[in-house]
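Visitor: Pasting in a structure now, in structure tokens, and then I'll have a few things to ask.
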Amino acid sequence: MWLFVAQDAQAAFNRGDYAAAIGLFEAANRRQPACTNSLYAGLAHYRLKQTSQALIAFRTAVACDPQLLAAHLAMAEAYAARGNDGEALAAYLRVLAIDGQHAVALRAAATLYLKTGQHREAQPLLEKLAPQADVLADLGAVYASNGDRPAAEEHFRRALTMDATYFPALTGLGNLLARAGEHEAALPLLRQAVRLRPRAFEAHYLLGALLNRLNQFTEARLELERAVQFGGAREPQIHYQLARAWGGLNRPAERKLALAAFSRLTQQEKENASAGRRAAQLIDEARQLLQAGDLAAAALKLEQARELLPGDSTLLFRLAGLHFDLERLDTAREYVQAAISITPTTWLYHYLLGLVEKSANRLPEAQASLELATRLSGAEAPVFNALGEVRLLQGARAAAQQAFEKACALAPNEESYRQNLAKAQAK
51 MWLFVAQDAQ AAFNRGDYAA AIGLFEAANR RQPACTNSLY AGLAHYRLKQ
101 TSQALIAFRT AVACDPQLLA AHLAMAEAYA ARGNDGEALA AYLRVLAIDG
151 QHAVALRAAA TLYLKTGQHR EAQPLLEKLA PQADVLADLG AVYASNGDRP
201 AAEEHFRRAL TMDATYFPAL TGLGNLLARA GEHEAALPLL RQAVRLRPRA
251 FEAHYLLGAL LNRLNQFTEA RLELERAVQF GGAREPQIHY QLARAWGGLN
301 RPAERKLALA AFSRLTQQEK ENASAGRRAA QLIDEARQLL QAGDLAAAAL
351 KLEQARELLP GDSTLLFRLA GLHFDLERLD TAREYVQAAI SITPTTWLYH
401 YLLGLVEKSA NRLPEAQASL ELATRLSGAE APVFNALGEV RLLQGARAAA
451 QQAFEKACAL APNEESYRQN LAKAQAK
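Throughout the sequence shown, residue numbering follows this note's numbering, covering 51 to 477 in sequence.
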């Protein structure tokens, strides 16, 4: 029977009836668990734009088969789509741990490294890829960041040989030449970049800065104002170059306004960097207080850090754990649910939520969270033990026994698990 259910699920997926496919794949899994059922259920959720459910299904598939490359890749793409670059990068790296030559994962991981300025990490990935225009241009940017001008120029020029209209290679080479003082060689490259993408602020900025160096202040001012208009309003260097253009045009009032914007944005960047350093310091102070046994003071430090880093799921999880230890269950639930909303595939988050709900005597909710944690983790004895305790409290002795047996199999030396199993077995 299960085979027919699986076939029906695949047929529903293929014809685009994703809601039906989800139910059928889940039914097939209940009859005969298969890692690919979770994968396809996740893909169906993803097609329905149910990203969190999709990610959970992908993680379940990975817990079932850690070598299931398609599930790792699907998880990476889903995290990238929702803007969670750290989780996306981690998933792409897991793909590469399985297949070190996977072209999609190599390209995506390199792009994410470059996005965060980690050029050294991107370089070996890019060097494994076929020498296409986009790869060569990115390698040019890596070499430029390392100060290797000859290699950077070589790669930018090779990219343009393959595609004379490739925007990143035009701007990369144009910027490289301009910084080296080869203004006349850089100018046509940057003008071509502006023609190709008239609404890309980067090209207008680079062209405006070069025109400033050439004392062509009227055109420089126009290009830099376009850079502001097309998305560069929060880039300090654009306002600095605009101030230079206004100065060259002998317009002191406008120059003063541009310098004020430059100063304000530069200060904001410094404050953001300072906030990150301050948050790290607060987290370290919280760790020391925790080691000293002062949980309440540690929680206060982490609260201060959270105000500086409100979207950090790891920090939210740590706060939830502290509040749980302090028996502040409502606050713990709030924080761990916030962490789950950011990173729904981390089994520890669902495990903690299950413990919170168990302590609050919300047993159905605790069971749901712990069962999900077992699917996401694959083989974590504490999760199965906690699930067994919840099932025992609900009077489901046989189901509790199964969970305790799994916990004992995973951690045979843990006395408390054996005691729980004996309790479940007792009539």
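Heads up, the beta-carbon is just placed ideally off N, CA and C, and yes, glycines get one too.
Just to confirm my understanding: we take F434, look at its own chain, exclude 5 residues before and 5 after, and list those with CB closer than 8 Å. What are they?
Guide: Along the sequence shown, one-based indexing puts residue 434 at 384. Closer than 8 Å at Cβ, skipping near neighbours: T424, A453, F454, K456, A457, L460.
Visitor: Between L220 and R207, how many whole angstroms is the CB-CB distance? I'm expecting something under 8 Å.
Guide: Here the question's residue 220 lines up with position 170 in the sequence shown. Here the question's residue 207 lines up with position 157 in the sequence shown. 11 Å between Cβ atoms; not a contact.
Visitor: Could you check whether A270 and F251 sit closer than 7 Å to each other, using their CB atoms as the reference points?
Guide: Here residue 251 is taken as the residue at index 201 of the sequence shown, counted from 1. Here residue 270 is taken as the residue at index 220 of the sequence shown, counted from 1. Taking 7 Å as the Cβ cut-off, F251 and A270 do not qualify as a contacting pair.
Visitor: Identify whether D115 lies in helix, strand or coil by the three-state DSSP scheme.
Guide: If you number the sequence shown from 1, residue 115 lands on position 65. Coil at D115, not helix or strand.
Visitor: Tell me the rounded alpha-carbon separation between G66 and Y163.
Guide: Mapped onto the sequence shown, residue 66 falls at position 16. Mapped onto the sequence shown, residue 163 falls at position 113. The straight-line gap from Cα to Cα measures roughly 35 Å.
Visitor: With a threshold of 7 Å between beta-carbons, can S195 be considered close to chain C, or not?
Guide: The structure shown contains no chain C; it is built from a single protein chain.
Visitor: Between which two residues does the alpha helix (DSSP H) holding F206 run?
Guide: Taking the first residue of the sequence shown as 1, we reach residue 206 at position 156. F206 -> alpha helix (DSSP H) spans 199 to 212.
Visitor: Give me the Cα-Cα distance between A410 and F108, rounded to the nearest whole angstrom.
Guide: Within the sequence shown, residue 410 is the residue found at index 360, counting from 1. Within the sequence shown, residue 108 is the residue found at index 58, counting from 1. Going from the Cα of A410 to the Cα of F108 covers about 30 Å.
Visitor: Going straight from the alpha carbon of R81 to that of L74, what length do you get?
Guide: Taking the first residue of the sequence shown as 1, we reach residue 81 at position 31. Taking the first residue of the sequence shown as 1, we reach residue 74 at position 24. Looking at the two C-alpha atoms, the distance is approximately 11 Å.
Visitor: Looking only at its own chain, which residues have a Cβ that is under 8 Å from the Cβ of Q475, when we skip the five neighbours before and after it?
Guide: As a working mapping, residue 475 is identified with position 425 in the sequence shown. Taken in chain order, the residues that qualify are Q451.
Visitor: At which residue ranges does the region 69 to 111 contain complete alpha helix (DSSP H) runs of 4 or more residues, listed in the order of the chain?
Guide: 85 to 97
Visitor: Starting from F374, follow the alpha helix (DSSP H) in both directions and report where the run begins and ends.
Guide: Counting from 1 along the sequence shown, the entry for residue 374 is found at position 324. Run containing F374: 363 to 375, per the alpha helix (DSSP H) assignment.
Visitor: Looking at the secondary structure, which residues open and close the alpha helix (DSSP H) in which A153 lies?
Guide: Here residue 153 refers to the residue found at position 103 when the sequence shown is read from its first residue. Run containing A153: 153 to 165, per the alpha helix (DSSP H) assignment.
Visitor: Going by the beta-carbon positions, is the gap between N262 and A295 smaller than 7 Å?
Guide: In the sequence shown, residue 262 corresponds to position 212, counting from 1. In the sequence shown, residue 295 corresponds to position 245, counting from 1. In this structure, A295 lies closer than 7 Å to N262 by Cβ.
Visitor: Buried or exposed: which applies to Q417, given that a residue is buried once 16 or more other Cβ atoms fall within 10 Å of its Cβ?
Guide: Position 367 of the sequence shown holds residue 417. Classification for Q417: buried.
Visitor: Given that a residue counts as buried once 16 or more other Cβ atoms are within 10 Å of its Cβ, and exposed if not, what is E407?
Guide: One-based indexing of the sequence shown puts residue 407 at position 357. With 16 or more other Cβ atoms within 10 Å, it is buried.
Visitor: Could you give the C-beta distance for I106 and L307, rounded to a whole number, given that I count them as a contact under 8 Å?
Guide: Numbered from its first residue, the sequence shown carries residue 106 at position 56. Numbered from its first residue, the sequence shown carries residue 307 at position 257. Contact flag wrong, Cβ pair sits at about 51 Å.
Visitor: Identify, in the order they occur along the chain, each residue of the same chain with its Cβ nearer than 6 Å to the Cβ of A235, setting aside the five sequence neighbours on each side.
Guide: Numbered from 1 along the sequence shown, position 185 holds the residue referred to as residue 235. So the list reads L227, once near-sequence residues are dropped.
Visitor: Using beta-carbon positions only, say whether S419 and G438 come within less than 7 Å of one another.
Guide: Position 369 of the sequence shown, counted from the first residue, corresponds to residue 419. Position 388 of the sequence shown, counted from the first residue, corresponds to residue 438. The answer is no: Cβ separation not under 7 Å.
Visitor: Near Y96, which residues of its chain fall below 8 Å by C-beta distance, leaving aside the five closest residues on each side in sequence?
Guide: Residue numbering aside, residue 96 sits at position 46 when the sequence shown is read from its first letter. Excluding sequence neighbours, Y96 sits near A104, A124, A128.
Visitor: Compare the Cα-Cα distances from P394 to each of L143, G258, Q100, A431 and report the closest residue.
Guide: Along the sequence shown, one-based indexing puts residue 394 at 344. That would be Q100, whose Cα lies nearest to the Cα of P394.
Visitor: From the DSSP output, in three-state form, read off L305 for me.
Guide: Within the sequence shown, numbered from 1, the residue matching residue 305 stands at position 255. Inspection of the sequence shows that residue 305 is occupied by Arg rather than by Leu. Here R305 sits in helix by DSSP.
Visitor: Using a threshold of 7 Å, state whether the C-beta atoms of A111 and A121 are closer than that.
Guide: The count along the sequence shown starts at 1 and reaches residue 111 at position 61. The count along the sequence shown starts at 1 and reaches residue 121 at position 71. Yes, they are a contact pair.
Visitor: Kindly give me the distance between the Cβ atoms of R328 and L358, rounded to whole angstroms, as I take these residues to be in contact under 8 Å.
Guide: One-based indexing of the sequence shown puts residue 328 at position 278. One-based indexing of the sequence shown puts residue 358 at position 308. Contact holds; Cβ gap of about 6 Å.
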